Amino acid sequence: MGEASAVGDIVFSYGTLQQRGVQLEVFGRAPDGEPDLLPGYTVDYLEVLDTRGRGSARVSVQPVVRPTGSLGDKVTGLAYALTPAEVDAADEYESPLYRRVPARLSSGRTAWVYVSA
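In terms of my numbering, the sequence shown is residues 1320 to 1436.
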């Protein structure tokens, strides 16, 4: 996931990276996000063994987007302008179930999106 950021350093979040506590843990700050939509994708939910928290591992339900090819499908989320180091930190935070890909948002911006691996 550490490829050069040809799309800039905008990350589209539809899940836990929107949570203030997660942002403070991952980025050391709570960045402001701008509402946006991710067309041509839908959200699925996976049960995963989450070992990122303090203490023992637990099973949690995590959202994951997948492309559908239908522009009628849209995922609601927030677009965050991050530093390259923060994008790297987001890569480390996301589990191996995700991979980062560029995608065009409804606003016309291109952003990194974590999709199903």
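Heads up, the beta-carbon is just placed ideally off N, CA and C, and yes, glycines get one too.
Computed from a predicted structure; not experimentally measured.
Annotation: the continuous beta strand (DSSP E) that includes Pro1382 extends over Arg1377 to Pro1386. With 16 or more other Cβ atoms from the protein chains shown falling within 10 Å of its own Cβ, Asp1355 counts as buried.
DSSP lists Arg1419 as the beta-bridge partner residues of Tyr1433. DSSP lists Arg1377 as the bridge partner or partners of Asp1369. Of the candidates Pro1358, Tyr1360, Ser1379 and Glu1405, the residue whose Cα lies closest to the Cα of Glu1366 is Ser1379. Measuring C-alpha to C-alpha distances from Leu1357 to each of Val1394, Arg1348, Gly1340 and Glu1405 identifies Val1394 as the nearest. By the 16-neighbour rule on beta-carbons within 10 angstroms, Leu1401 is buried. With 16 or more other Cβ atoms inside 10 Å of its own Cβ, Leu1424 counts as buried. Excluding its 5 nearest sequence neighbours in each direction, Ala1349 has C-beta neighbours in its own chain below 7 Å: Arg1339, Gln1342 and Leu1343, listed in chain order. Excluding sequence positions up to five before and after Ser1389, its CB lies within less than 8 Å of the CB of Gly1359, all in the same chain and listed in chain order. For Ala1422 and Asp1369, the gap between their C-alpha atoms comes out near 26 Å.
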